[in-house]
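Asker:
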Amino acid sequence: MTRMFENKKHYVIKAEAGESYGICTCGHTAKPPFCDGSHKAHPPAKPAIITATKSENLFLCGCGGSRNRPWCDGSHKRCPEHDDYINRS
């Protein structure tokens, strides 16, 4: 199972206008990039709620390195091959 920030590339959501999406911010979801409630065991994390203003592809961080999370900023291009975001100190 790949955790949220082990993807080493972005996630793409085909968003529909007016739809809301709960995006994982704790990194422990079993259904990346979507929240599955795992954050409850990792307070104070909570999902980022995104409501699409138009139908379009949304690009979300999959490496944990974005400075604009939950959005991808291309940081995955600089992530080490075997980086473990969850266990960083």
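Mapping the sequence shown onto numbering that gives the first Met the number 0, position 33 (from 1) lands on 32, and the numbers just tick up by one. No residue lacks a Cβ here, since even glycine has one placed at the ideal position from N, Cα and C. These figures come from a predicted structure and were not determined experimentally.
Run the CB neighbour count on residue 65, radius 10 Å, all protein chains shown included, and call it buried at 16 or more, exposed below.
Answerer: Position 66 of the sequence shown holds residue 65. Buried: at least 16 other Cβ atoms inside 10 Å.
Asker: Can you have a look at residue 2 and say buried or exposed, based on whether 16 or more other CB atoms are within 10 angstroms of its CB?
Answerer: Position 3 of the sequence shown, counted from the first residue, corresponds to residue 2. That one is buried.
Asker: Please tell me whether residue 37 and residue 28 are closer than 8 Å, where the distance is taken between their beta carbons.
Answerer: Within the sequence shown, residue 37 is the residue found at index 38, counting from 1. Within the sequence shown, residue 28 is the residue found at index 29, counting from 1. Yes, the pair counts as a contact, with Cβ atoms nearer than the cut-off.
Asker: Is residue 71 helix, strand or coil by DSSP?
Answerer: For the purposes of this step, residue 71 is taken as residue 72 along the sequence shown, with counting starting at 1. In this structure, residue 71 counts as coil in the three-state DSSP scheme.
Asker: Measuring only from the beta carbon, is residue 66 closer than 7 Å to any heavy atom that is part of the ligand ATP?
Answerer: Annotation note on the ligand ATP: not contained in the displayed structure, which lists no ligands.
Asker: Quick check: the Cα distance between residue 76 and residue 58, rounded to an integer number of angstroms?
Answerer: Position 77 of the sequence shown holds residue 76. Position 59 of the sequence shown holds residue 58. Residue 76 and residue 58: Cα-Cα distance of roughly 14 Å.
Asker: Output needed for residue 15: all residues of its chain with C-beta closer than 8 Å, excluding positions within five of it in sequence on either side, in chain order.
Answerer: Reading the sequence shown from its first residue, position 16 is the one you call residue 15. Once the five neighbours on either side are set aside, the close Cβ partners of residue 15 are 51 and 54.
Asker: Going by alpha carbons, who is nearest to residue 13 out of 62, 33 and 78?
Answerer: The count along the sequence shown starts at 1 and reaches residue 13 at position 14. Residue 33 is the option with its Cα nearest to residue 13.
Asker: Looking at residue 60: is its Cβ nearer than 8 Å to the Cβ of residue 78?
Answerer: Walking along the sequence shown from the start, residue 60 turns up at place 61. Walking along the sequence shown from the start, residue 78 turns up at place 79. Against a cut-off of 8 Å, the Cβ pair of residue 78 and residue 60 comes out as no contact.
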